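Trainee: Below: one structure in structure tokens.
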Amino acid sequence: MPAIQTRDLQRVFPGGVVAVAGVDLDIADREIYAFLGPNGAGKTTTVRMLTTLLRPTGGTAAVAGHDVVRDAASVRRAIGVALQEAALDPLMTGRELIRLQATLHGLPAAEGRTRAERLLARVGLANAADRRVGTYSGGMRRRLDLASALVHEPRILFLDEPTTGLDPVSRKAIWEEVEKLNREGTTVFLTTQYLEEADQLADRVGIIDEGRIVAAGTPGALKAEIGRPHLEVVLADGTMDRAEEILRRFGRPLPAKDGAALVELEGGASGVAPVVRALDEAGLVVESLDLVQPTLDDVFVAKTGYHLEGSDTGEQEAIEPERSG
Amino acid sequence: MTGGLRTNLRVVGALGWRSIRQTFRRPQLMAPILIFPTLLLAIQVGGAGRAVDLPQFPEVNGFLDFMIAGAMVQATLLAGNSGGIALALDIEMGFTDRLLAAPISRFAIVLGRLVGTAALGALTAVWFLAIGLIFGAHIEGGVLGVLLIILLVTCSAVAFGGIGAAIALRSGSASVVQGLFPLVFVILFLSTAFFPEDLLLEPARSVAEWNPLSFIVDGIRDLVVSTFSAGQFFEGVAALALMGLFGIGLSAAAMRGRLRRG
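Keeping their order, the protein sequence lines are chains A and B.
The first sequence begins at 0 in numbering that gives the first Met the number 0 and counts up one residue at a time.
The second sequence begins at 0 in numbering that gives the first Met the number 0 and counts up one residue at a time.
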């Protein structure tokens, strides 16, 4: 039995706004599944439906074998949820919050206290446990949110953009914790705008755009599907038009990125030398030239036609291409 | 007691305790509940104390004795409003989603908030009784009167808290609930909270005559200015029951609506 299974899952908001337009998911037990997409793609709406916070308007969804509409209470007992923006009460202390979470899940008081102490230590917040959450840094809040989602030892953990806005060190700490939890047997469903996060953490990735899954598979398989590496060329004078004109002769042009002209090389790495020669013969001064192996961003571009820009820097806005390839 | 019921009662207790702590840790929620009504009471008693000499003013030991019930009800209305604001803030910051994602009764979330509001109601009753006794009021109802006053004021807070919670759940916006703050005074001034009914002019007098707040205030006031009278007391209890059912029913409906909308 899959940990999460959906068929044609849909959510249409009043006014006809289609947030999720028919999502099929089959997520196995003990898998880490990353839902990758830009803001407004339908990631959070899907998570809210799977965690029983929002009723689907079409299709079916089962979590831990329970229907999210008909048997919502059983779903809630099986899952842990850390929502976007870490919904924590700034006036509570870390310890109070985890103990409250233990009570919400019906743990006896003594058991709740024991688990709270253990989890606070696990996420490195033991020394800050009696401080109000309002004084915590972003990373500390995320770790507390994660710890509170684990207090009842859930079978399936939902993490909605767990590292958005965090510095690299805090992000890495969350990744390590997620990997550890998964090794211990927890199924993890996470949404992210960060390609690196999906690439590094997930067993499988689903790319969602405008409410539909446009690609799904292991990061390796998705990249292999794209196939060939691409060349990124930046000219010294900062222009791209002439470079693009030349590159077009050597393969399929890709949408420009960060001032670089891009081309998918038909001949792979062996196609670099002719490109260099052609640029040289045209009298163009090259500032940089990189051969880049396929990444999830390439998969994203191939499937959606635009880059998930800034995904590795924390500036997470999907941008339309200046020129389509 | 079944396991589910026991768990939900524990949840209501835990959320109630959180609500009380939250109020004490956020002084801007506490200030209107105790300080505004106390200041208004001081101004009214200090400035209009000779009102008791008016021909149609009821027989009381002093103006403070008359006014204290109105101050208590004003404080409980504000406690209900503050409870609504706090619930709306929970919705705005996503904390309510945390509760909704847990395997608990949805209405335990509202009841937890109301437990906190009830505790604030009891606190305001004790506060104004203490102020009254310090400044010379006589509680003619004696110890039983004091206990019944605390009970009525606590129940008032729950009833008004239900209405505050309903508005919070319906709007999901703290500023909307806060915007109702002036309405509290309109409803209060159109009751017998601060003026005897016989001294009100029409149409305020007719409104006050049927305003449920008048029955609640008169029920509490009667225990201050005279010995226990079943008629006055049970009229107050009936008005409270009506408002309580209205408030809690409204908040249950608002919760269902919020869950439907997501």
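From the three backbone atoms N, C-alpha and C, an ideal C-beta is built for every residue, glycine too.
None of these values were measured; they are calculated from a predicted model.
1) Thinking leucine 401 (chain A) and isoleucine 103 (chain B) are a contact (beta carbons under 8 Å), I'd like their distance in whole angstroms, please.
2) Which of helix, strand or coil does DSSP assign to leucine 53 (chain B)?
3) Who are the near neighbours of isoleucine 211 (chain B) in its chain, counting only those whose CB is closer than 7 Å to its CB and skipping five residues on each side?
4) What residue ranges within the region 223 to 258 of chain A form continuous alpha helix (DSSP H) runs of no fewer than 4 residues, ordered along the chain?
5) What are the uninterrupted segments assigned as alpha helix (DSSP H) that are 4 or more residues long and contained completely in the region 152 to 205 of chain B, given in chain order?
6) Alanine 87 (chain B) and valine 176 (chain B) look like a contact to me (Cβ under 8 Å); what is the Cβ gap, rounded to whole Å?
7) Measuring CA to CA, which of A:Thr191, A:Thr134, A:Arg276 is closest to arginine 170 (chain A)?
8) Quick check on glutamine 100 (chain A): buried or exposed, where buried means 16 or more other Cβ atoms within 10 Å of its Cβ?
9) Using three-state DSSP, classify serine 136 (chain A) as helix, strand or coil.
10) Alpha carbon to alpha carbon, what distance is there between alanine 108 (chain A) and arginine 204 (chain B)?
11) Anything in chain D within Cβ reach of methionine 92 (chain B), meaning under 9 Å, just list it in chain order.
12) Which one or two residues does DSSP pair with phenylalanine 134 (chain B) in a beta bridge?
13) With DSSP as the reference, identify every bridge partner of tyrosine 32 (chain A), one or two as the case may be.
14) Please confirm whether leucine 288 (chain A) and valine 232 (chain A) have their CB atoms less than 8 Å apart.
15) Residues of chain A with CB under 7 Å from aspartate 96 (chain B), in chain order?
16) How about glycine 144 (chain B) and phenylalanine 227 (chain B): are their beta carbons less than 8 Å apart?
17) Which residues of the region 3 to 14 of chain B have a Cβ closer than 7 Å to any Cβ of chain A? Give them in chain order.
18) Give the residues from the region 24 to 55 of chain B that approach chain A closer than 9 Å (Cβ to any Cβ), ordered along the chain.
19) Taking the alpha-carbon positions, what's the valine 62 (chain A) to leucine 189 (chain B) distance?
20) Leaving out five residues on either side along the sequence, give the residues of the same chain with a beta carbon under 6 Å from the beta carbon of glycine 38 (chain A).
21) Out of curiosity, what's the CA-to-CA distance linking leucine 143 (chain A) and threonine 43 (chain A)?
22) Could you check whether the Cβ of glutamine 177 (chain B) sits closer than 8 Å to any Cβ belonging to chain A?
23) On the three-state DSSP scale, how would you describe arginine 20 (chain B)?
24) Quick one: residues in its chain with C-beta nearer than 8 Å to the C-beta of alanine 27 (chain A), no 5 flanking neighbours on either side, listed in chain order?
25) Could you check what DSSP says for glutamate 183 (chain A) in three-state terms: helix, strand or coil?
26) Grab me the residues of arginine 141 (chain A)'s own chain with a C-beta within less than 8 Å of its C-beta, minus the 5 sequence neighbours each way, in chain order.
27) Quick check on this structure: which residue in A:Gly258, A:Leu221, A:Gly36 has the alpha carbon closest to the alpha carbon of aspartate 236 (chain A)?
28) Is there at least one Cβ from chain B nearer than 8 Å to glycine 105 (chain A)'s Cβ?
29) Run the CB neighbour count on glutamate 196 (chain A), radius 10 Å, all protein chains shown included, and call it buried at 16 or more, exposed below.
30) So, is leucine 53 (chain B) buried or exposed, given that buried needs 16 or more other C-beta atoms within 10 angstroms?
31) Relative to chain B, which residues along the region 96 to 125 of chain A have a C-beta separation below 7 Å, given in chain order?
32) Closer than 7 Å, Cβ to any Cβ of chain A: which residues of the region 103 to 125 of chain B, in chain order?
33) Secondary structure at leucine 28 (chain B), three-state DSSP: helix, strand or coil?
34) I want to verify the contact list: residues of chain B whose CB lies under 7 Å from the CB of arginine 76 (chain A), in sequence order.
35) State yes or no: is the beta carbon of glycine 261 (chain B) nearer than 8 Å to at least one beta carbon in chain A?
36) Below 8 Å, can you find three or more Cβ-Cβ pairs linking the region 277 to 296 of chain A to the region 216 to 226 of chain A?
Mentor: By the coordinates alone:
1) No statement about residue 401 (chain A) is possible, as the shown extent of chain A runs from 0 to 324 and does not include it.
2) Numbered from its first residue, the second sequence carries residue 53 (chain B) at position 54. In the three-state reduction of the DSSP assignment, leucine 53 (chain B) falls in the coil class.
3) Counting from 1 along the second sequence, the entry for residue 211 (chain B) is found at position 212. Just to set this straight, residue 211 (chain B) is proline in the shown sequence, not isoleucine. Counting only Cβ-Cβ distances below 7 Å, and skipping sequence neighbours, we find Ala238, Leu241, Met242.
4) Here the runs fully enclosed are 240 to 246.
5) The region 152 to 205 of chain B contains these whole alpha helix (DSSP H) runs: 173 to 177, 180 to 188.
6) Here residue 87 (chain B) refers to the residue found at position 88 of the second sequence. Here residue 176 (chain B) refers to the residue found at position 177 of the second sequence. That belief holds up - the Cβ atoms of alanine 87 (chain B) and valine 176 (chain B) are roughly 5 Å apart, short of 8 Å.
7) As a first step, residue 170 (chain A) must be located in the first sequence, where it is residue number 171. When each option's Cα is compared against that of arginine 170 (chain A), the closest is A:Thr191.
8) Taking the first residue of the first sequence as position 1, residue 100 (chain A) is located at position 101. It counts as buried.
9) Here residue 136 (chain A) is taken as the residue at index 137 of the first sequence, counted from 1. Reduced to three states, the DSSP call for serine 136 (chain A) is coil.
10) Translated into the one-based positions of the second sequence, residue 204 (chain B) becomes position 205. Translated into the one-based positions of the first sequence, residue 108 (chain A) becomes position 109. Inter-residue distance for arginine 204 (chain B) and alanine 108 (chain A) is about 54 Å (C-alpha atoms, whole angstroms).
11) The question asks about chain D, but that chain is absent: this structure's protein chains are A and B.
12) Your numbering for residue 134 (chain B) matches position 135 in the second sequence. DSSP lists no partner for phenylalanine 134 (chain B).
13) Counting from 1 along the first sequence, the entry for residue 32 (chain A) is found at position 33. By DSSP's assignment, tyrosine 32 (chain A) forms a beta bridge with A:Phe188, A:Arg203.
14) Position 289 of the first sequence, counted from the start, is the residue given in the question as residue 288 (chain A). Position 233 of the first sequence, counted from the start, is the residue given in the question as residue 232 (chain A). In contact: leucine 288 (chain A) and valine 232 (chain A) (Cβ atoms closer than 8 Å).
15) Counted from its first residue, the second sequence places residue 96 (chain B) at position 97. Residues of chain A passing the Cβ test: Leu52, Leu82, Ala86.
16) One-based indexing of the second sequence puts residue 144 (chain B) at position 145. One-based indexing of the second sequence puts residue 227 (chain B) at position 228. In terms of Cβ geometry, glycine 144 (chain B) and phenylalanine 227 (chain B) form a close pair [threshold 8 Å].
17) Considering only beta carbons, the part of the region 3 to 14 of chain B lying closer than 7 Å to chain A consists of Thr6, Arg9, Val10, Ala13, in chain order.
18) Of all residues in the region 24 to 55 of chain B, Arg24, Arg25 have a Cβ within less than 9 Å of some Cβ in chain A.
19) Taking the first sequence and counting its residues from 1, the one referred to as residue 62 (chain A) is at position 63. Taking the second sequence and counting its residues from 1, the one referred to as residue 189 (chain B) is at position 190. Answer to the nearest angstrom: the Cα atoms are 54 Å apart.
20) As a first step, residue 38 (chain A) must be located in the first sequence, where it is residue number 39. The sequence as given places asparagine at residue 38 (chain A); glycine does not occur at that position. Excluding sequence neighbours, asparagine 38 (chain A) sits near nothing in its chain.
21) For this step, residue 143 (chain A) is matched to residue 144 along the first sequence. For this step, residue 43 (chain A) is matched to residue 44 along the first sequence. Spanning the alpha carbons of leucine 143 (chain A) and threonine 43 (chain A) requires a straight line of approximately 20 Å.
22) For the purposes of this step, residue 177 (chain B) is taken as residue 178 along the second sequence, with counting starting at 1. Closer than 8 Å: no.
23) Along the second sequence, one-based indexing puts residue 20 (chain B) at 21. Shown here, arginine 20 (chain B) sits in a helix according to DSSP, grouped into three states.
24) To locate residue 27 (chain A), count along the first sequence from 1; it is residue 28. So the qualifying residues of the chain are Pro1, Ala2, Thr186.
25) The residue given as residue 183 (chain A) occupies position 184 in the first sequence. In the three-state DSSP reduction, glutamate 183 (chain A) falls in the coil class, being neither helix nor strand.
26) Along the first sequence, read from residue 1 onward, the residue named residue 141 (chain A) stands at position 142. For arginine 141 (chain A), where only same-chain residues beyond five positions count, the Cβ hits under 8 Å are Ala81, Ala85, Pro161, Thr162, Leu165, Ser169, Ile173.
27) Residue numbering aside, residue 236 (chain A) sits at position 237 when the first sequence is read from its first letter. Among A:Gly258, A:Leu221, A:Gly36, the Cα nearest to that of aspartate 236 (chain A) belongs to A:Gly258.
28) Start at 1 with the first residue of the first sequence, and residue 105 (chain A) comes out as number 106. Chain B contact via Cβ: present.
29) Mapped onto the first sequence, residue 196 (chain A) falls at position 197. So glutamate 196 (chain A) ends up on the buried side.
30) Within the second sequence, numbered from 1, the residue matching residue 53 (chain B) stands at position 54. It is exposed - the Cβ of leucine 53 (chain B) has fewer than 16 other Cβ atoms within 10 Å.
31) Answer set for the region 96 to 125 of chain A: Leu99, Thr102, Leu103, His104, Gly105.
32) So the list reads Ile103, given in the order they occur along the chain.
33) Here residue 28 (chain B) is taken as the residue at index 29 of the second sequence, counted from 1. If DSSP states are grouped into helix, strand and coil, leucine 28 (chain B) belongs with the helices.
34) Reading the first sequence from its first residue, position 77 is the one you call residue 76 (chain A). The answer, in chain order, is Pro102.
35) Against the second sequence, residue 261 (chain B) aligns to sequence position 262. Yes, glycine 261 (chain B) lies at the interface with chain A (some Cβ there is under 8 Å from its Cβ).
36) The region 277 to 296 of chain A, when compared against the region 216 to 226 of chain A, does touch it at the 8 Å Cβ threshold.
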